[in-house]
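Below: one structure, written as structure tokens.
Protein chains: 2
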Amino acid sequence: MTLSNKSTKKNTTQQKHPHYVDCDNCSMQAICQPIGSDNQAIDLTNNYLTRRVEVSAEQSSLLPKTPSTCPTLFDQASPLTAIFAVCSGTFKLCQKNDAGIEKIVGFRFPGELMGEDALFLERYNYSAVALGDNSVCEVFVEPLSACSQLAPELQQNLIQLLTKQSYEQQRNAHAITGKKSADCLLAAFLLNICQRNAKHSGSESVFELTISRQDIACFLGIRRETLSRLLSKFQHEQLINLNGKQLTLLSLNQLKKLANL
Amino acid sequence: MTLSNKSTKKNTTQQKHPHYVDCDNCSMQAICQPIGSDNQAIDLTNNYLTRRVEVSAEQSSLLPKTPSTCPTLFDQASPLTAIFAVCSGTFKLCQKNDAGIEKIVGFRFPGELMGEDALFLERYNYSAVALGDNSVCEVFVEPLSACSQLAPELQQNLIQLLTKQSYEQQRNAHAITGKKSADCLLAAFLLNICQRNAKHSGSESVFELTISRQDIACFLGIRRETLSRLLSKFQHEQLINLNGKQLTLLSLNQLKKLANL
DNA sequence: GTTTAAATTTGATGTAGATCAATAAAAGAG
DNA sequence: CTCTTTTATTGATCTACATCAAATTTAAAC
Numbered sequence: 198m199t200l201s202n203k204s205t206k207k208n209t210t211q212q213k214h215p216h217y218v219d220c221d222n223c224s225m226q227a228i229c230q231p232i233g234s235d236n237q238a239i240d241l242t243n244n245y246l247t248r249r250v251e252v253s254a255e256q257s258s259l260l261p262k263t264p265s266t267c268p269t270l271f272d273q274a275s276p277l278t279a280i281f282a283v284c285s286g287t288f289k290l291c292q293k294n295d296a297g298i299e300k301i302v303g304f305r306f307p308g309e310l311m312g313e314d315a316l317f318l319e320r321y322n323y324s325a326v327a328l329g330d331n332s333v334c335e336v337f338v339e340p341l342s343a344c345s346q347l348a349p350e351l352q353q354n355l356i357q358l359l360t361k362q363s364y365e366q367q368r369n370a371h372a373i374t375g376k377k378s379a380d381c382l383l384a385a386f387l388l389n390i391c392q393r394n395a396k397h398s399g400s401e402s403v404f405e406l407t408i409s410r411q412d413i414a415c416f417l418g419i420r421r422e423t424l425s426r427l428l429s430k431f432q433h434e435q436l437i438n439l440n441g442k443q444l445t446l447l448s449l450n451q452l453k454k455l456a457n458l
Numbered sequence: 198m199t200l201s202n203k204s205t206k207k208n209t210t211q212q213k214h215p216h217y218v219d220c221d222n223c224s225m226q227a228i229c230q231p232i233g234s235d236n237q238a239i240d241l242t243n244n245y246l247t248r249r250v251e252v253s254a255e256q257s258s259l260l261p262k263t264p265s266t267c268p269t270l271f272d273q274a275s276p277l278t279a280i281f282a283v284c285s286g287t288f289k290l291c292q293k294n295d296a297g298i299e300k301i302v303g304f305r306f307p308g309e310l311m312g313e314d315a316l317f318l319e320r321y322n323y324s325a326v327a328l329g330d331n332s333v334c335e336v337f338v339e340p341l342s343a344c345s346q347l348a349p350e351l352q353q354n355l356i357q358l359l360t361k362q363s364y365e366q367q368r369n370a371h372a373i374t375g376k377k378s379a380d381c382l383l384a385a386f387l388l389n390i391c392q393r394n395a396k397h398s399g400s401e402s403v404f405e406l407t408i409s410r411q412d413i414a415c416f417l418g419i420r421r422e423t424l425s426r427l428l429s430k431f432q433h434e435q436l437i438n439l440n441g442k443q444l445t446l447l448s449l450n451q452l453k454k455l456a457n458l
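Dropping the structure here:
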């Protein structure tokens, strides 16, 4: 187990999110494990890594709830200081275009990265907002860069991480874009989020949907009314079941058929 | 000038594409220039780089014209051997999903990369097809990898290249996805391709459109009939002019307004 | 608990773009 | 050059989704 005592303590004080990701299933793994496979492995990670930092709505509970005090991990266009891996909870990634119109460009679940695509411009490409009480691992870029100059293996791992991310990014984009009908789009989305959460939620077909209808609709590029109608339709057709926030996919096969066609 | 004599010769024997990209404007630059800024710079590039390879429809002119003999640079799912930069011409990138439905996931213009996102899986994620008579620079991955083990600076440059690509990829995706109306989508697309070609075509508002209507429509996710109607509408509204393959954007401002809203 | 506000669902109607169908214009073949 | 095939444009209709509007549920505030 790679967690420090401090982190474990945090885990016991807050039980709302039982689904912490294993380090083994985390995309950050390439750069946050001690390098070298022998017994004399050096652990450089202390220089740049902080594990399980909480990012919660409660952090700012004393302040009035305005958009500016919402639980934002980092803001679009601000200078890159660290890249993050989600430990628990869900984040939404928002991007404003030149015209100032805000769009949700993605969601991040445990084991997934945020901010790593800012390494080029050294400014974040989107804002990351916590949906509920979340936690993240934080990798500070400056010391990471310094360490990777010294350790070729770390640098190699960083390349591996970046190429993997590039691939994942494209794959997720492809899962959504180019779907014609809204049915198709929604089916693809539901399958996508359940699959991405399968490893730590324990099931491929059950997921706690903390994302609001508004946010899902915005991400998919449809109206919330349309989304609502479709969810109802899917439920009537026994494709899914929605019980509060608990989403269950009842027929993976039928959903896949819908999503691919 | 960084081109070899051989390359320059090729340039004179084939005049159909006057718009070869400058190496200075090419995304491959980080890894295809001699490293070290001093006079004793070593040139490792001979080990893995071949400049200006032609990829043309004419290559296979003796064979019957079937889809299988079309000028494909590489095929989706085949093992990664090299990554490419476009020197001249236009490529379309096609991707088949699990259901076997083919989609155009992008176009590549001079100075842009192809196949670099295959470094993780070591298999190409899409097929690259030349539209007309094109040329590319070819970087063989195995020797590149070997060289980068020896030269930390090259490895650093490779990281830079990958992070830049990740950023560009996301930016281009964002330019297209999430646009509601087809007008908006088309305006964004026209601006995008003209901008990406501005440096080597010499103009931000003129572009030789070698891509077929079918391919554009497929990429944008609309029907060719709709595309046709929109192009006619744009022409009536004096937003663009189409003369054969010559596309001219008549009002960048109005197009931008259309694209952003 | 009650009250208020926000989020979600359901209903009625309008419109953008798909689909079907027919020309028209380019591009190849001989 | 003519003939054939492919690609692009224009027209008529149909449908999925957006939009406007109201009801209902859920969550937050007190």
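Protein chains in written order, with the numbering used here: chain A, 198 to 458; chain B, 198 to 458. By construction, the Cβ of each residue, glycine as well, lies at the ideal position given by its N, Cα and C atoms. In this text, all values refer to a predicted model and were calculated from it rather than measured experimentally.
Query: Buried versus exposed, by CB contacts within 10 Å (16 or more), A/K293; Result: exposed
Query: Cβ pair count under 8 Å reaching 3, the segment 297-315 of chain A against the segment 277-289 of chain A; Result: yes
Query: Contiguous beta strand (DSSP E) assignments of at least 3 residues, all confined to the segment 361-417 of chain A; Result: 403-405
Query: Coarse secondary structure for A/A282, derived from DSSP in three states; Result: strand
Query: Chain B residues whose Cβ lies nearer than 7 Å to that of A/F337; Result: Under the 7 Å cutoff, chain B gives no residues; its nearest Cβ is about 17 Å from A/F337.
Query: DSSP-derived helix/strand/coil call for B/I301; Result: strand
Query: Any C-beta of chain B under 8 Å from that of A/Y321; Result: no
Query: Closer than 8 Å at the beta carbon, the chain A residues around B/K377; Result: G418
Query: C-beta contact flag for B/L359 and A/I356 at 8 Å; Result: yes
Query: Within chain A, partners of B/K364 - CB distance below 9 Å; Result: According to the sequence displayed, residue 364 of chain B carries Tyr and not Lys. Ordered by position in chain A, the residues that pass the 9 Å Cβ test against B/Y364 are D314, A315, L316, F317, L318 and N322.
Query: Neighbourhood of A/A315 by C-beta, 8 Å cutoff - its chain only, sequence neighbours within 5 removed; Result: L277, I280, Y321 and N322
Query: Cβ of B/T360 within 8 Å of any chain A Cβ; Result: yes
Query: Cβ pair count under 8 Å reaching 3, the segment 380-388 of chain B against the segment 419-428 of chain B; Result: yes
Query: B/Q362 versus B/A456: straight-line alpha-carbon distance, rounded; Result: 23 Å
Query: Buried or exposed (CB count within 10 angstroms, at least 16 for buried), A/A296; Result: exposed
Query: Environment of A/E319 [buried if 16+ CB atoms lie within 10 Å]; Result: exposed
Query: As assigned by DSSP and simplified to three states, the class of B/P340; Result: helix
Query: For B/V326 and B/E313, the rounded distance between their alpha carbons; Result: 16 Å
Query: Contact check, A/C344 vs A/T247, beta carbons under 8 Å; Result: no
Query: The alpha helix (DSSP H) enclosing A/R248, as first and last residue numbers; Result: Counting along the chain, A/R248 falls outside any alpha helix (DSSP H), though it belongs to the beta strand (DSSP E) covering L246 to V252.
Query: 7 Å Cβ shell around B/T445 - same chain, five flanking residues per side excluded; Result: S402, V403, I437 and N438
Query: Below-8 Å beta-carbon distance, A/I356 vs any chain B residue; Result: yes
Query: Neighbour flag for A/P268 against chain B, beta carbons, 8 Å; Result: no
Query: Own chain residues within Cβ distance below 7 Å of B/T407, not counting five before or after; Result: T287, L328, G329 and K442
Query: Closer than 8 Å to chain A by CB, B/Q352; Result: yes
Query: B/P276 - partner residues in DSSP beta bridges; Result: B/R320
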